[in-house]
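Shown next, in structure tokens, is the structure this report addresses.
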Amino acid sequence: MRPRSASANGGHAASVDAFEELAAAFARELRPGDVVALEGPLGSGKTTFVAAVVRALGNSSHVTSPTFTFRHHYEGTPPVEHLDLFRLEDPAEAAQLGLEEAFGADRIVLVEWPERLPGLLPAHAIRLRIAGAGDGPREIAVTRPAGRGANG
Ligand SMILES: Nc1ncnc2c1ncn2[C@@H]1O[C@H](COP(=O)(O)OP(=O)(O)OP(=O)(O)O)[C@@H](O)[C@H]1O
Ligand SMILES: [Mg+2]
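Letter 136 of the sequence shown, counting from 1, is numbered 135 in numbering that gives the first Met the number 0, and no numbers are missing.
Written out as structure tokens, the structure is:
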């Protein structure tokens with residue numbers, strides 16, 4: 000199988016432009032059914048990352064955080080679901096909202112604050128951790144589950 004490009008495995012981004020380029024390179028390696036757990040502190044760039052992924056997959060919509068609605072859907076090739084669990088109070092709320100219906104083999108799902116409800120994400124989720132804040136540089140670290148390593 001074709002090796003993933005180096006940037007699809009994360010890297011260093013000194014500017015927003017460089018960060019968005021890394022996100023686009025990462026997006027090009029995603030396949031329908033992939034789930035991405037986006038970790039990183041407040042303001043680290045999770046929503047900025049999702050916006051760049053949505054654009055790279057062919058949708059020019061303005062991406063905003065689904066902080067209060069928990070879930071936004073974007074058409075694209077493939078479609079993208081953007082979840083933000085920051086304000087989730089308890090797991091019952093996720094069930095009421097039907098958040099598990101966001102997942103599917105035909106789409107890519109990106110989840111901000113996945114640590115609020117770890118059980119929602121499948122075991123095969125890709126973990127992507129962003130470090131950095133403010134106008135400073137960012138470091139992106141990608142951890143793929145076993146069997147989905149750097150070569151596929
Ligand atoms: N090198 C950089 N890479 C990425 N973002 C940067 C960089 N420098 C500055 N920024 C800015 O950092 C901010 C990141 O905000 P964003 O809403 O994406 O963070 P978030 O992780 O989604 O926050 P929250 O936890 O509140 O959801 C943006 O305003 C972005 O322009
Ligand atoms: Mg956000």
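Where a beta carbon is used, it is the ideal one built from N, C-alpha and C, also for glycine.
These figures come from a predicted structure and were not determined experimentally.
Nearest by alpha-carbon distance to P113: which of P78, G75, T66 and P77 is it?
For the purposes of this step, residue 113 is taken as residue 114 along the sequence shown, with counting starting at 1. Closest by alpha carbon: T66.
At 4 residues or longer, and completely inside the stretch 83 to 133: list those alpha helix (DSSP H) runs for me, N to C.
Taken in chain order, the complete alpha helix (DSSP H) segments of 4 residues or longer contained in the stretch 83 to 133 are 90 to 96.
Determine the DSSP secondary structure at D16, reduced to helix, strand or coil.
As a first step, residue 16 is located in the sequence shown; it is residue number 17 there, counting from the start. Secondary structure at D16: helix, using DSSP grouped into helix, strand and coil.
Closer than 8 Å: is that where the CB of T66 sits relative to any heavy atom of ligand 2?
For the purposes of this step, residue 66 is identified with residue 67 of the sequence shown, where counting begins at 1. Answer for T66: yes, Cβ within range of ligand 2.
Would you kindly work out how many angstroms separate the C-alpha atoms of L98 and L109, rounded to a whole number?
Mapped onto the sequence shown, residue 98 falls at position 99. Mapped onto the sequence shown, residue 109 falls at position 110. Near 12 Å, if we compare the C-alpha coordinates of L109 and L98.
Consult DSSP for N150 and reduce its assignment to one of helix, strand or coil.
Working through the sequence shown from its first residue, we reach residue 150 at position 151. Reliability fails at N150, whose pLDDT of 47 lies under 50, so the model's placement of it is uncertain and the value that follows must be treated cautiously. In the structure shown, N150 sits in coil (DSSP, three-state: anything other than H, G, I, E or B).
Indicate, with yes or no, if ligand 1 has a heavy atom lying under 8 Å from the CB of P136.
What you label residue 136 is simply residue 137 of the sequence shown in a count that begins at 1. Answer for P136: yes, Cβ within range of ligand 1.
Where does T66 fall in DSSP's three states?
As a working mapping, residue 66 is identified with position 67 in the sequence shown. DSSP, read as helix, strand or coil, puts T66 in coil.
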